[in-house]
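Q: This structure is in structure tokens; I'll ask about it shortly.
Residue numbers (the numbering used here): 1 to 182.
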């Protein structure tokens, strides 16, 4: 059976370093723990598959209504790296190198993630969870700050382009966090 695309993410990195043609590098995730990475030049009607990733996962647990989403993003502070979270063998964030074609770093998480955002200005990762929790992680050390206060599962988190604010959303609440410090 065909599973729908769960998420798309676009980046404008140095695509030539991957030996492909196209001014945009983008990725798509699906509900079955797969990520495809593409280079495209829409004006020339070109789209080329750069990488196809499949992350192992156990059988669906009993009593789980739905699996956590598969989420991925290009890492702004580490060119050539994408970060993946989703239902898998472990509760973790995986840093995958498009150059080495392998996972190069793992950060343990307390639960399976339901939201992911990477700061465009600092090595910070925001991860939301179904347990009404938001975790801000300093990468690569994995030092974390946890924030509770959502009324339901955190299903969206997004850093502002400045990196100084973070927007999070749960069922009926939007929270805007101001990030301070260095």
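Using N, Cα and C, we set each Cβ at its ideal position, and we do this for glycine too.
Helix, strand or coil for residue 77 per DSSP?
A: In the chain shown, residue 77 corresponds to position 77, counting from 1. Residue state, collapsed to three classes: coil.
Q: In whole angstroms, give me the CA-to-CA distance for residue 140 and residue 123.
A: Taking the first residue of the chain shown as position 1, residue 140 is located at position 140. Taking the first residue of the chain shown as position 1, residue 123 is located at position 123. One C-alpha to the other measures close to 8 angstroms.
Q: I need the straight-line Cα distance from residue 145 to residue 138, nearest angstrom please.
A: Mapped onto the chain shown, residue 145 falls at position 145. Mapped onto the chain shown, residue 138 falls at position 138. Spanning the two alpha carbons is a distance of roughly 9 angstroms.
Q: Which two residues bound the contiguous beta strand (DSSP E) that contains residue 146?
A: Locating residue 146 in the chain shown gives position 146, counting from the first residue. Residue 146 -> beta strand (DSSP E) spans 143-148.
Q: Quick one: what's residue 128 bridged to in DSSP?
A: Within the chain shown, residue 128 is the residue found at index 128, counting from 1. Per DSSP, 115 and 134.
Q: Within a Cβ cutoff of 7 angstroms, which residues of the same chain sit near residue 148, ignoring the five residues on either side of it in sequence?
A: Start at 1 with the first residue of the chain shown, and residue 148 comes out as number 148. 132 and 133.
Q: So what's residue 100 in DSSP terms, helix, strand or just coil?
A: Working through the chain shown from its first residue, we reach residue 100 at position 100. DSSP places residue 100 in coil when its eight states are reduced to three.
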